[in-house]
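Residue numbers (the working numbering): 61 to 230.
Glycine included, C-beta positions come from ideal geometry on N, C-alpha and C.
Take a look at the structure set out below.
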């Protein structure tokens with residue numbers, strides 16, 4: 061119950077922030093906001109804090125799927141995301157909400173798309189929906205060809221297959 065309420069508060073805060081910016085030429089998702097990454101949960105989820113304080117916000121990175129933390133490569137994927145972002149200011153572009161009511165977002169370090177970089181280095185898969193190509197398919201294909209990160213193991217199991225067989229990590 062508590063996480064559901066927290067998720068609703070997070071979403072309400074994001075919409076409140078969007079409304080505070082009014083009806084400028086750019087939408088909230090296009091302009092985004094700056095936040096500090098305070099915790100990296102796994103290879104595709106982080107907690108951020110807004111500069112003006114307030115409680116931390118949990119974000120699920122849009123467009124990628126990293127291994128579960130208990131899956132081979134899961135800790136390495138988390139560690140790489142932490143190495144890139146932990147304690148640093150990032151630009152956050154909220155794109156929606158996932159089925160678990162987490163805010164979906166894209167993260168930027170300067171001009172670098174964090175998700176693109178994770179996939180290009182082989183630490184995450186490009187997220188596919190209903191058989192459609194994912195947003196980072198080219199980066200994933202190149203990382204596979206070069207045997208980078210998780211793809212150094214040609215039998216690396218996609219997280220969605222792992223979850224179907226084992227469930228989520230507890």
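(message) Buried or exposed for residue 125, going by 16 or more other Cβ atoms inside 10 Å?
(response) Here residue 125 refers to the residue found at position 65 when the chain shown is read from its first residue. Its Cβ being crowded by 16 or more others within 10 Å, residue 125 is buried.
(request) Just the C-alpha distance for residue 83 and residue 93, rounded to the nearest angstrom, thanks. (result) Here residue 83 refers to the residue found at position 23 when the chain shown is read from its first residue. Here residue 93 refers to the residue found at position 33 when the chain shown is read from its first residue. In this prediction, residue 83 scores a pLDDT of 30, lower than 50, which makes its location untrustworthy; the coordinate-derived value is nonetheless stated afterwards. Cα to Cα, residue 83 sits roughly 16 angstroms from residue 93.
(request) Count the C-beta pairs between the region 183-197 and the region 125-145 that are closer than 8 angstroms, then say yes if the count reaches three, no if not. (result) yes
(message) Using a Cβ-Cβ cutoff of less than 6 angstroms, which residues in the same chain neighbour residue 187 once the five nearest sequence positions on both sides are dropped?
(response) Indexing the chain shown from 1 puts residue 187 at position 127. Closer than 6 angstroms at Cβ, skipping near neighbours: 123, 124, 125 and 194.
(message) So for residue 145, helix, strand or coil by DSSP?
(response) For the purposes of this step, residue 145 is taken as the residue at position 85 of the chain shown. If DSSP states are grouped into helix, strand and coil, residue 145 belongs with the helices.
(message) Assuming residue 162 and residue 97 are in contact, meaning their beta carbons sit under 8 angstroms apart, how far apart are those beta carbons, in whole angstroms?
(response) As a first step, residue 162 must be located in the chain shown, where it is residue number 102. As a first step, residue 97 must be located in the chain shown, where it is residue number 37. No, residue 162 and residue 97 are not in contact; Cβ-Cβ is about 15 angstroms, not under 8 angstroms.
(message) So the candidates are 103, 101, 104 and 108; which of them puts its Cα closest to the Cα of residue 95?
(response) The count along the chain shown starts at 1 and reaches residue 95 at position 35. When only C-alpha atoms are compared, the closest one is 108.
(message) Applying the 10 Å Cβ sphere with the 16-neighbour rule, what's the burial state of residue 209?
(response) Working through the chain shown from its first residue, we reach residue 209 at position 149. The residue is buried, with at least 16 neighbouring Cβ atoms inside 10 Å.
(request) Excluding the 5 residues preceding and the 5 following residue 229 in the sequence, name in chain order all residues of the same chain whose CB lies nearer than 8 angstroms to its CB. (result) Along the chain shown, read from residue 1 onward, the residue named residue 229 stands at position 169. So the list reads 128, 129, 130, 131 and 134, once near-sequence residues are dropped.
(message) Here's the rule: buried if 16 or more other CB atoms are within 10 angstroms of the residue's CB, otherwise exposed. What is residue 158?
(response) Locating residue 158 in the chain shown gives position 98, counting from the first residue. Residue 158 comes out exposed.
(message) Using a Cβ-Cβ cutoff of less than 6 angstroms, which residues in the same chain neighbour residue 171 once the five nearest sequence positions on both sides are dropped?
(response) In the chain shown, counting from the first residue as 1, residue 171 sits at position 111. So no residue of the chain qualifies.
(request) Compare the Cα-Cα distances from residue 153 to each of 219, 169, 192 and 141 and report the closest residue. (result) As a working note, residue 153 is residue 93 in the chain shown. Among 219, 169, 192 and 141, the Cα nearest to that of residue 153 is on 169.
(request) Starting from the C-beta of residue 212, find all residues in its chain whose C-beta is less than 8 angstroms away, skip the five residues before and the five after it, and write them out in chain order. (result) Residue mapping note: residue 212 aligns to position 152 of the chain shown, counting from 1. Taken in chain order, the residues that qualify are 182.
(message) Quick check on DSSP: helix, strand or coil for residue 217?
(response) Residue numbering aside, residue 217 sits at position 157 when the chain shown is read from its first letter. Coil at residue 217, not helix or strand.
(message) What residue range does the beta strand (DSSP E) around residue 119 cover?
(response) Locating residue 119 in the chain shown gives position 59, counting from the first residue. Looking at the DSSP string, the run of the beta strand (DSSP E) that includes residue 119 is 117-121.
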